[in-house]
Amino acid sequence: MTPDQKILYDQIVQFTLDQPGVLCPFSTKLAWQYGWSGVFTLRAIREYKKFIFLVMVSEQRLSPATVIDRVWHQHILYTQSYWIDFCEKLLKRQIHHTPGLGGEEEGMKYYRQCDQTLTLYKQYFGRPPADIWNPPQTTVETLDYQWINRTRHWVIPKPTFELGQRTLY
């Protein structure tokens, strides 16, 4: 990491997503929304900040892991924090979230960008935590989810039974 990159990284790390004095800060809302523990949520936010740093220093397009993408989506919803305080004032650059368009070509582009992201991550930070930086195929396979109101519904995982090559649900 160059001295300028170190300064940038430290500024990104010091940026707080939790607005002081609010009843339901960013991290609490994020944890509640995805059913994450407080510790996991803080780790996810830390990894999100690393991803943003990588975007800033990379000349290539990068793709985040699912957990980091969820933090990013939530941050974008806090428009003042994201666009003004973070992008404009701190980063001095807009970072747009561009969703995939679907199809085989987009899928291949996504895998390349994930590989580029992980390669760059290892270069700057070493080995990424596996519970946050999941492999791309895991991301694609686990996209079948819905938001539900957990105060009104129980969430019970379906049992799976494997018979040879087939999985029964």
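Residue numbers (this note's numbering): 53 to 221. A virtual CB, placed ideally from N, CA and C, is assigned to each residue, including glycine. Since the model is a prediction, treat every value here as computed from it, not as a measurement.
Cβ neighbours of residue i in the same chain (closer than 7 angstroms, five flanking residues each side left out)
i    : result
V109 : Q57
P211 : none
W124 : Y100, P116 and H149
Q168 : Q112 and L114
Y86  : R122
Q206 : In the sequence as presented, Gln is not what sits at residue 206; that position holds Trp. Same-chain partners within the cutoff: there are none.
G90  : A83
Cβ separation of residue i and residue j, assumed to be a contact under 8 angstroms, to the nearest whole Å
i    : j    : result
Q126 : F78  : 7 angstroms
A117 : N186 : 5 angstroms
Y176 : M53  : 6 angstroms
Y61  : F105 : 5 angstroms
A83  : T93  : 4 angstroms
P180 : L170 : 7 angstroms
G152 : Y163 : Not confirmed; about 11 angstroms, so no contact.
L142 : Q71  : Between Q71 and L142 the Cβ distance is about 15 angstroms, and since that is not below 8 angstroms, they are no contact.
Residue burial classification, residue i (beta-carbon count within 10 angstroms, cutoff 16)
i    : result
L195 : Reliability of the predicted coordinates at L195 is poor, the pLDDT of 47 falling under 50, and no value is obtained from them.
K174 : exposed
K101 : buried
P55  : exposed
L172 : buried
C76  : exposed
Sequence-distant residues of the same chain with beta carbon closer than 8 angstroms to residue i, five excluded per side
i    : result
V107 : L114 and I147
V120 : Just to set this straight, residue 120 is Ile in the shown sequence, not Val. Result list for I120: A96, E99, Y100, F103, I184 and W185, in chain order.
D137 : F67
Closer than 8 angstroms to chain C by CB, residue i
i    : result
K101 : Chain labels in this structure do not include chain C; a single protein chain is all it has.
Contacts around residue i, its chain only, beta-carbon distance under 6 angstroms, and the 5 residues preceding and following it disregarded
i    : result
N201 : none
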